[in-house]
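Just below is one structure, and these are the notes that go with it.
In the working numbering, the protein residues as written are 1174 to 1407.
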């Protein structure tokens, strides 16, 4: 039986770099020939896919640690196409492959994720591996990542340290526009624009820099202040 596998992490947690390493390992794996003491390549056939909304690197996978993958993406997935339709448009017969590897999978829509799960159950030899963010800069699920969290057979988390305190693990993605943290804006803004960047923060730093003075925070401050007054009177 095939599988749908999810690797998730904040920005800068080496998702694409890990993808590159995984593809290299799959393409260079093999069984040792006991007689000749040489490794026989298994020749795993891999489809590389990414959603069309991800414009970084264009038809290549792009890592934040620099450089582009040596191999172009095989299939660009438009939002209005099914997984198999997109493969057919790229002249890729999904039945002939062992692995489907997808980067920036959070940009898929829920229907496409459900299709992946269905495909993984219908094509026994096909392993589908997705690399994805889970939440956006407002700490909301991406529709694609929420669906992946529900349907993935196996889930793994890639970690990195907070970019500010470097003490705790980062679990929030924060957006900066012109060097200033923001909490409003479109969910998807690719950070290849000069005025947009992202930081990976732990919970304490995300609170301090983005949420310490929002409406809910101020409401709780008022409520706690009232409790303290009441306790003091008693």
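No residue lacks a Cβ here, since even glycine has one placed at the ideal position from N, Cα and C.
Looking at 1257, 1311, 1309, 1320, the one whose alpha-carbon comes closest to that of residue 1284 is 1320.
Shortest Cα-Cα distance from residue 1197 to any of 1253, 1272, 1260 involves 1272. DSSP links residue 1324 through a beta bridge to no other residue. Here the stretch 1334 to 1352 does not lie against the stretch 1187 to 1194, with fewer than 3 beta-carbon pairs under 8 Å apart. With respect to residue 1287, residue 1324 sits close: the two C-beta atoms are nearer than 8 Å. Inclusion of residue 1224 and residue 1280 in the CB contact set at 8 Å is warranted, their separation being smaller than that value.
It is roughly 11 Å from the alpha-carbon of residue 1277 to the alpha-carbon of residue 1184.
Fully enclosed alpha helix (DSSP H) runs of no fewer than 4 residues occupy 1283 to 1295, 1316 to 1324 of the stretch 1280 to 1340, in order along the chain. Listed as beta-bridge partners of residue 1370 by DSSP are 1349. Taking C-alpha positions only, residue 1394 is separated from residue 1341 by approximately 25 Å. With a cutoff of 8 Å on beta-carbon distance, residue 1345 and residue 1385 are scored as not near each other.
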